[in-house]
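For the sequence shown, counting from 1, position 7 maps to 7 in my numbering; every step adds exactly one.
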Amino acid sequence: MADELPYIDEHVVRVDAPRDRVWAALQRYTAALLRSGERNPLLVLLGPQPRAGFAVAESIEQRRISLVGRHRFSRYRLVFELTDAPGGGTLVHARSYAAFPGIHGRAYRALVIGTRLHVVATNYMLRAIRAGTPALPPG
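Structure below.
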């Protein structure tokens, strides 16, 4: 489905932990994101489907979680992918895809992408996933 939507960007964070721990943190973050979105008053204005703003479209154990959604001004997909980092640890990739149809979609794109608000939000997500990953004990 990502092929159906134009590519927006990719952001990556390195987590100094094995993939299984990062995967667990990613799952916890995703579950919290889906729950918290239902209480976000901004989402009422946007009219998202699903109501939380995202739904899990694909989950491949310790590899990838794809989230999809749509609202009045956009259709979107956010793909979190885990890969091994050179020298140890795990890289968490966040790839975004979205379409912004019509004049209102173009205005929304300018607001979210043009102001780099999307970059700030995506990097916030990645840092939250990293912060939620338990570190390995020393030694």
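Ideal placement from N, C-alpha and C gives every residue a C-beta, glycine not left out. Quick caveat: nothing in here was measured; it's all calculated off a predicted structure.
- Message: So, for LEU91: in the same chain, excluding its five sequence neighbours on each side, which residues have a beta-carbon less than 6 Å away from its beta-carbon?
- Response: Working through the sequence shown from its first residue, we reach residue 91 at position 91. Result list for LEU91: VAL12, ARG14, THR83, ALA85, in chain order.
- Cβ distance (whole Å) where SER74 is taken to contact PHE54 below 8 Å: Here residue 74 refers to the residue found at position 74 of the sequence shown. Here residue 54 refers to the residue found at position 54 of the sequence shown. The pair is not a contact, with the Cβ atoms about 12 Å apart (cut-off 8 Å).
- Query: Per DSSP, what kind of secondary structure is THR122 in: helix, strand or coil?
  - Reply: The residue you call residue 122 lines up with position 122 of the sequence shown. Helix, per DSSP.
- Query: Where DSSP assigns a beta bridge to ARG35, which residues make up the other side?
  - Reply: Looking up residue 35 in the sequence shown gives position 35. Paired residues: none, contrary to the question.
- Count the other CB atoms, across all protein chains shown, that sit within 10 Å of the CB of ARG63; report buried if there are 16 or more and exposed otherwise. Position 63 of the sequence shown, counted from the start, is the residue given in the question as residue 63. Exposed is the call here.
- Message: Can you tell me whether MET1 is helix, strand or coil according to DSSP?
- Response: Numbered from its first residue, the sequence shown carries residue 1 at position 1. With a pLDDT of only 44 at MET1, under 50, the local geometry of the prediction cannot be trusted, and the value read off the model is given with reservation. Of the three classes helix, strand and coil, the one that applies to MET1 here is coil, per DSSP.
- Item | Cβ pair GLY89, ASP16 closer than 8 Å | The residue given as residue 89 occupies position 89 in the sequence shown. The residue given as residue 16 occupies position 16 in the sequence shown. Yes, Cβ-Cβ distance for GLY89 and ASP16 is below 8 Å.
- Pull up the CB-CB distance for LEU147 and VAL56, whole angstroms please, since I reckon it's below 8 Å. Here the chain comprises residues numbered 1 to 139, so residue 147 is not present and cannot be evaluated.
- Query: What are the complete alpha helix (DSSP H) segments, minimum 4 residues, inside the stretch 37 to 83?
  - Reply: 41 to 46
- 6 Å CB neighbourhood of ALA107 in its chain, flanking five on each side removed: Here the question's residue 107 lines up with position 107 in the sequence shown. Hits under 6 Å: none found.
- Task: Take THR133 as the anchor and find which of GLY47, GLN27, TYR7, ASP9 has the nearest alpha-carbon.
- Result: Numbered from 1 along the sequence shown, position 133 holds the residue referred to as residue 133. Residue GLN27 is the option with its Cα nearest to THR133.
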